[in-house]
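Going down the list, the protein sequences come from chains A and B. Read in order, the letters of the first sequence correspond to residues 20 to 87 in this note's numbering. Read in order, the letters of the second sequence correspond to residues 1010 to 1471 in this note's numbering. Ideal Cβ positions, reconstructed from N, Cα and C, are used throughout, including at glycine. Remember, predicted model here, so these are calculated numbers, not experimental data. Notes to accompany the following structure.
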Amino acid sequence: MTLDEVRARMKAAGIEIAENRLEMVRRLLSDALAPIHAVDSRAARTLEPAVMFDAIRSAEPRRDDDDE
Amino acid sequence: MTSDDLAYATIADITNHYRRRALSPVELTRALLDRIERLDPTLHAFVTVTAERALADAKRAEAALGHGQDASPLLGIPVAYKDIYATRGIRTTAGSALLADWVPEDDATCVTRLREAGSVMLGKLITHEFAFGIQFPGHRFQPAKNPWNLDHMPGGSSSGSAVALATGLVGGALGSDTGGSIRGPAAFCNIVGLKPTYGRVSRAGVITLSWTLDHTGPMARTVEDCALLLQGLAGHDPADPASSREPVADYAAPLRQGIRGLRVGVPRAYFLEGVDAEVEKAFEQALATLRELGAAVTDVEIPSIQTSWAFLAILMAEAFAYHERDVRAHPELYGDVLRERVLAGGLILGSEYVQAQRLRSRLHAEMLEVLGRVDVLATPTTPKPAPTFAAVWDPSFGFPKSNMPPFNMTGVPALAVPCGVSSEGLPLSLQIAGRPFDEATVLRVGHAYERATEWHRRRPRI
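What follows is the structure, given as structure tokens:
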């Protein structure tokens, strides 16, 4: 990711970051996104996102007393 | 018993002393409050010392002991909380100027559980700002100092918890762990820290960093003490949507079963890349000790382990979601670097967050498959010993690669146990991870290793 790409994302998101911190942000985003940008979505087509994370992958039925 | 022996007594020892009437909760509490007053101006472990509350709790525990009500192993045990656990009537700052004067109306579930178990609350412990940002010079809250070398970081974000334990200021402490914030400080300060399984310990009333990565858990001076604290904390909590109904095991009883025949997997790829030579040497010696204790140690492979760092995208995106309103409205109330780390989360695309969660699914499935063939995984907790403050205050320091986030990504339990000392005198640590909700086996391995070694007995010169 380049500094110009960081600036473009900032503009789109309406976010301001001090110029002297941009390099730090660029490196942070580059590290975070490297494995993501390497994903071949077609090769991993059956992979579902773990947005509702469950450590044992066995969704427990919600019970009526959960909100008590 | 010397004052140092009293300060460094384990939870199990304190309970024995109480039952033999060789020590009283009020006596111990007064001794620790004096020690905090003497040492904490140098260490900065505490944000708030709750002396009146501690003495009231201690008197209540003393009365219970007098009536023969000594069933709880946490009765009269002096504890303190990372300052992101809400405490009723006691300010809870999250190490942040934004919440510097916030006084919650309710206790976090963990605080309630330890109170009901009869513990004594000594106070609130410093955390990195919102468990994410390092305190730079000039920050409203001073950072805790590493007692092994005051120029070095104690790790974060549960820094005060680790420092207070390493210096004998508390008997037990709670931390939180989104990417290693229990295990990292434990490793850097030569104590024990457990990140339980996702859903095992309630997060209700604990300030969020990242909903799907946050874990709460115990920190202590021994594995057995961690087990005793976990026993008091674990169990379903309807106030935490991620809380599990999985039955709670007995964590203390299996500790003495030994580890003969247990299978220990060593995932060398990723976890041993870029580690210091003396960290690697200490780790190999720890594996040799596990073999001597009867465990079968074999190398294992987690095929997509190199994608673990997608963790950072999830953390940043969720942290921005939590903080967006405040950081846009009051950026001046966020510390340097934390502000930019939070804002950077707003630059991650929705599609990138979803891809990160897909990578997480694959990593999770692979780790469970490996944990079907071995009982636990062993790795160094951190690739290097504690860095200096000067190093982390350099704006180019970044967010260093770590051995701990893969277990936040997969939600499995992971324990940090002291396993050596660097040439500079800084602690080194062994990480043991296990199957979901099998904290009992993870603790059993840690306890067997701890009993076979002396690393956890080392104390810093303060």
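With residue i as the anchor, note down where its alpha helix (DSSP H) starts and where it stops.
i	result
Ser49 (chain A)	41-56
Pro1404 (chain B)	Pro1404 (chain B) -> no alpha helix (DSSP H), and no H or E assigned at all.
Pro1194 (chain B)	1192-1198
Asp1234 (chain B)	1232-1242
Thr1390 (chain B)	Run containing Thr1390 (chain B): none; DSSP gives neither H nor E here.
Leu1424 (chain B)	Not the alpha helix (DSSP H): Leu1424 (chain B) falls in the beta strand (DSSP E), residues 1423-1430.
Thr1121 (chain B)	1118-1125
Ala1171 (chain B)	1168-1175
Asp1160 (chain B)	Here Asp1160 (chain B) belongs to no alpha helix (DSSP H), and DSSP marks it neither H nor E.
Asp1022 (chain B)	1020-1028
Ala74 (chain A)	Per DSSP, Ala74 (chain A) belongs to no alpha helix (DSSP H) and is neither H nor E.
So for residue i, helix, strand or coil by DSSP?
i	result
Arg1100 (chain B)	coil
Glu1138 (chain B)	strand
Ile1143 (chain B)	coil
Tyr1090 (chain B)	strand
Thr1225 (chain B)	strand
His26 (chain A)	The question names His, but residue 26 (chain A) in the sequence shown is Arg. DSSP places Arg26 (chain A) in helix when its eight states are reduced to three.
Asp1249 (chain B)	coil
Phe1055 (chain B)	strand
Gln1364 (chain B)	helix
His1148 (chain B)	coil
Gly1381 (chain B)	coil
Ala1461 (chain B)	helix
Asp1014 (chain B)	helix
Ala1305 (chain B)	strand
Lys1410 (chain B)	coil
Met1130 (chain B)	strand
Gly33 (chain A)	coil
If you check the beta carbons only, do residue i and residue j fall under 8 Å apart?
i	j	result
Val1172 (chain B)	Pro1146 (chain B)	no
Val1112 (chain B)	Arg1124 (chain B)	no
Ile1191 (chain B)	Gly1184 (chain B)	yes
Ala51 (chain A)	Trp1220 (chain B)	no
Leu1342 (chain B)	Leu1222 (chain B)	no
Ala1103 (chain B)	Ile1093 (chain B)	yes
Leu1178 (chain B)	Leu1048 (chain B)	yes
His1465 (chain B)	Thr1231 (chain B)	yes
Arg1168 (chain B)	Ala1182 (chain B)	Position check: residue 1168 (chain B) holds Ser in this sequence, whereas Arg was assumed. No, these two residues do not count as a Cβ contact at 8 Å.
Asp1521 (chain B)	Ser1252 (chain B)	An answer regarding residue 1521 (chain B) cannot be provided, because it is not within the stretch 1010 to 1471 covered by chain B.
His1339 (chain B)	Leu1107 (chain B)	yes
Leu1426 (chain B)	Glu1463 (chain B)	For the sequence presented, residue 1426 (chain B) should be read as Val rather than Leu. No, Cβ-Cβ distance for Val1426 (chain B) and Glu1463 (chain B) is not below 8 Å.
Ala1063 (chain B)	Met1010 (chain B)	no
Ile101 (chain A)	Ala1229 (chain B)	Since the first and last residues shown for chain A are 20 and 87, residue 101 (chain A) lies out of range.
Asn1158 (chain B)	Gly1359 (chain B)	no
Val1288 (chain B)	Leu1437 (chain B)	yes
Ala1400 (chain B)	Pro1163 (chain B)	no
Leu47 (chain A)	Ala1353 (chain B)	yes
Pro1404 (chain B)	Phe1280 (chain B)	no
Ile1045 (chain B)	Val1056 (chain B)	no
Leu1239 (chain B)	Leu1203 (chain B)	yes
Pro1205 (chain B)	Pro1409 (chain B)	no
Ile1471 (chain B)	Glu1375 (chain B)	no
CB-CB under 8 Å to residue i, same chain, minus the five flanking residues each way: which ones, in chain order?
i	result
Ala1461 (chain B)	Thr1298, Glu1301, Leu1302
Ala1248 (chain B)	Thr1118, Ser1211, Ala1213, Gly1214
Arg1069 (chain B)	Gly1127
Met88 (chain A)	Only positions 20 to 87 of chain A appear in this structure, which leaves residue 88 (chain A) out of reach.
Val1383 (chain B)	Arg1272, Val1273, Gly1274, Thr1307, Val1309
Can you find the residues in the same chain that come closer than 6 Å, C-beta to C-beta, to residue i, ignoring five residues on each side of it along the sequence?
i	result
Leu1218 (chain B)	Ala1140, Phe1141, Thr1187, Ala1328
Arg1444 (chain B)	Leu1380
Arg1369 (chain B)	Met1418
Val1454 (chain B)	Ile1268, Val1385, Ile1441
Gly1355 (chain B)	Phe1329
Considering just the uninterrupted stretch of the beta strand (DSSP E) at residue i, what are its terminal residues?
i	result
Ile1045 (chain B)	It is not in any beta strand (DSSP E) - Ile1045 (chain B) instead sits in the alpha helix (DSSP H) that spans 1034-1052.
Ser1185 (chain B)	1181-1186
Gln1440 (chain B)	1436-1443
His1276 (chain B)	Strictly speaking, residue 1276 (chain B) in this sequence is Pro, with His absent from that position. Segment 1272-1276, the beta strand (DSSP E) holding Pro1276 (chain B).
Lys1204 (chain B)	1201-1204
Among residues of its own chain, excluding the 5 on either side of residue i, which ones have a beta-carbon nearer than 7 Å to its beta-carbon?
i	result
Glu1361 (chain B)	Ala1322
Gly1189 (chain B)	Ser1411, Met1413, Pro1414
Arg1028 (chain B)	Asp1079
Val25 (chain A)	Leu41, Val44, Arg45, Leu48
Is any non-hydrogen atom of the ligand GTP found closer than 7 Å to the C-beta of residue i, if you look at the structure I gave you?
i	result
Gly1407 (chain B)	Summarising the ligand content, the structure contains no ligands, and the ligand GTP is consequently not present.
Note down, in chain order, every chain E residue with its Cβ under 9 Å from the Cβ of residue i.
i	result
Glu67 (chain A)	The question asks about chain E, but that chain is absent: this structure's protein chains are A and B.
**Study point:** Residues from the segment 1122-1155 of chain B in contact with chain A, defined by Cβ distance under 9 Å
**Key:** none
Check your understanding: Any residues in the segment 1405-1429 of chain B with a beta carbon nearer than 7 Å to a beta carbon of chain A? Which ones, in chain order?
Key -> Gly1407, Phe1408, Gly1420, Val1421
Point to revise | Contact residues within the segment 1028-1048 of chain B, judged by C-beta distance below 8 Å to chain A | key: none
Exercise for review: Determine which residues of the segment 1207-1219 of chain B have a Cβ less than 9 Å from any Cβ of chain A, and write them out in chain order.
Suggested key: Tyr1207, Gly1208, Arg1209
Review point. Mind listing which residues of the segment 1431-1455 of chain B have their C-beta closer than 8 Å to chain A's C-betas, in chain order?
Key: Pro1445, Phe1446
Point to revise | chain A contacts from the segment 1279-1302 of chain B (Cβ-Cβ distance under 8 Å) | key: none
Exercise for review: Can you give me, in chain order, the residues of the segment 1331-1347 of chain B that have a beta carbon less than 7 Å from any beta carbon in chain A?
Suggested key: Against chain A - using a Cβ distance shorter than 7 Å - the segment 1331-1347 of chain B contributes no residues.
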